[in-house]
Amino acid sequence: MPLPLTLHHILHTTFYYTPTLYISAMAPALTESLPAAPHQLNSNAPRDIFPDGLKTTGQHAPLYDHIREFEQFPKEITGRTAWQPEEYRGQPEKWTHAFNAEEIEELSTAADNFLKAKIPLTGISKKNFPLPNLSKDLETLREDLLNGKGFILFKGFPVEKWGNHKSAVAYMGLGTYLGYFVSQNSRGHVLGHVKDLGEDSTQIDKVRIYRTNARQYFHADDSDVVGLLCIAKALEGGESDIASSHTVYNALAKERPDVLQTLTAPIWYFDRKGETSAGQEEYIRTSVIYLERGENARVYTKWDPYYVRSLSRFSDAGIIPPLSPEQLEAIEVLEQTCQRSALHMVLDVGDIQFVTNSHVLHSRTEYKDYPPPAPRRHLMRLWLATPEEEGGWKLPFWDSNEKKRGGIQVDDQAPVAPLDAE
Ligand SMILES: [Fe+2]
């Protein structure tokens, strides 16, 4: 179904009514300055391993000095980040953009030229992937991802016509206009492949769920923005839901402030699932809900229940505390509240979903693939970073101003962009 609106149109007309500030109760400023010490900024990564000199910073503990007390959190969040599903349900024209012929042509030309130049996919950037027209709308989209409703669904990426290589180039090229790609696992994948590889989803301390067909509860990925390009669909299931974590926050603030308080305390241990650099602990103690640093601090969420449930190998041994009854209840209440606030969407072949992780949580249903030889469900995934000085959120982490902040980086593993799962 072709949509009558242009990208420019949906980006500009949908948001005219949302000028208000995010927070009703302001927290006192701690500091506006960028946190760097005790770590070094990362712009001098070895060029023989990281051709652009930028290494994904990876997972880290927060700066505990910047974790705020619950009393400093807002009573309610208002503005365009705190959307209700009813605002969008049944109205895909507010959040969907079908690429038109000119846009596809522009992407196609940029991808062909990039392929002709024989640059490795890990070297793609705005400079070698020019989009003179589309880039203006992508700037508006980026603003809406970071500061607005936080999601969009593109339709009509001609993945079958282009094949996986050219599709990957065009997709990563598009992504460079939204953020810097970061490594998604210990193998250095900057182009991820969400696919069932037959790994055992019950081994949650070792297996990443994106490599299985299991259900994913509401969570955020380890990046500022996540992109999913649908290459092949499942026979059934694998559908996605998203929820504004600010709307979820408001519901909890009203109904279960005790749960909210539990989620803001730095008492949560997150598993690295063995994706650990030399000298690092196997887990990170942190909060689930944070405030940004500085004035007008927004509420930021970083969550995945699989990662906190998988640590019994350490809690059983008395190395870290087990999840308390309050934490176990908070996990349940958070998931239920997300489900109540969810907007459902189905990705067809050629669709690209971009979602922010700062204030949107996402989930997917369990799925079943077509029997072979039909292709298995396959989504190409991008994790994109938006450093603080380029409009990104002021996170309470040392790497807040790193270009490739977040992601998963193990030692000096070089970035790679495989064209299929491996
Ligand atoms: Fe995810």
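Quick note on numbering: the sequence shown equals residues 1 to 422 in UniProt numbering.
Think of the CB as a built atom: it goes at the ideal place given N, C-alpha and C, for glycine as much as any other residue.
Cutoff 7 Å; reference residue i; Cβ partners in own chain excluding five residues on either side
{"i": "GLY179", "result": "ASP224, VAL225, LEU384, ALA385, THR386"}
{"i": "TYR370", "result": "LEU235"}
{"i": "LYS166", "result": "ALA111, LEU115"}
Proximity test, residue i beta-carbon vs ligand 1 heavy atom, cut-off 6 Å
{"i": "ASP221", "result": "yes"}
Inter-residue spacing [alpha-carbon to alpha-carbon] between residue i and residue j
{"i": "HIS60", "j": "LEU197", "result": "28 Å"}
{"i": "ALA37", "j": "ILE289", "result": "In this predicted model, ALA37 has a pLDDT of only 43, less than 50, meaning its place in the structure is not dependable enough to derive any value."}
{"i": "ASP200", "j": "LEU382", "result": "24 Å"}
{"i": "GLU93", "j": "LYS155", "result": "11 Å"}
{"i": "ARG405", "j": "THR56", "result": "6 Å"}
{"i": "PRO257", "j": "PRO158", "result": "47 Å"}
{"i": "GLU366", "j": "SER240", "result": "10 Å"}
{"i": "ALA317", "j": "LYS127", "result": "51 Å"}
{"i": "LYS149", "j": "TYR88", "result": "10 Å"}
{"i": "GLY173", "j": "LEU141", "result": "15 Å"}
{"i": "LEU131", "j": "GLY90", "result": "32 Å"}
{"i": "SER125", "j": "THR176", "result": "6 Å"}
{"i": "ALA45", "j": "LEU54", "result": "6 Å"}
{"i": "ILE320", "j": "PHE314", "result": "6 Å"}
{"i": "LYS254", "j": "HIS359", "result": "18 Å"}
{"i": "THR264", "j": "ASP304", "result": "14 Å"}
{"i": "LEU343", "j": "LEU334", "result": "16 Å"}
{"i": "TYR22", "j": "PRO322", "result": "At TYR22, the pLDDT of 33 sits below 50, so the modelled position is not reliable; the number obtained from the coordinates is stated separately. Roughly 35 Å separates the two Cα atoms."}
{"i": "PRO85", "j": "GLN336", "result": "15 Å"}
Classification of residue i by the beta-carbon crowding that lies within 10 angstroms, buried from 16 upward
{"i": "GLU106", "result": "buried"}
{"i": "THR109", "result": "exposed"}
{"i": "GLN184", "result": "buried"}
{"i": "GLU402", "result": "buried"}
{"i": "GLY272", "result": "Checking the sequence, you will find Arg at residue 272 rather than Gly. Flag for ARG272 reads buried."}
{"i": "THR212", "result": "buried"}
{"i": "TYR64", "result": "exposed"}
{"i": "VAL346", "result": "exposed"}
{"i": "GLN327", "result": "buried"}
{"i": "LYS47", "result": "Position check: residue 47 holds Arg in this sequence, whereas Lys was assumed. Exposed is the call here."}
{"i": "THR356", "result": "buried"}
{"i": "SER310", "result": "buried"}
{"i": "GLN221", "result": "In the sequence as displayed, the identity of residue 221 is Asp instead of Gln. Per the 10 Å Cβ criterion, buried."}
{"i": "ARG340", "result": "exposed"}
Contacts around residue i, its chain only, beta-carbon distance under 6 Å, and the 5 residues preceding and following it disregarded
{"i": "PRO62", "result": "THR286, PRO396, PHE397"}
{"i": "GLU275", "result": "SER186, ILE408, VAL410"}
Any chain D beta carbon closer than 7 Å to residue i
{"i": "GLY179", "result": "Among the protein chains of the structure shown there is no chain D, as only one such chain exists."}
Sequence-distant residues of its chain with Cβ nearer than 8 Å to residue i (five each side left out)
{"i": "PHE114", "result": "ILE124, ASN128, PHE129, VAL169, GLY173"}
{"i": "PRO266", "result": "PRO62, TYR64, ILE67, ARG285, THR286, SER287"}
{"i": "ASN250", "result": "GLU76, ILE77, ALA82"}
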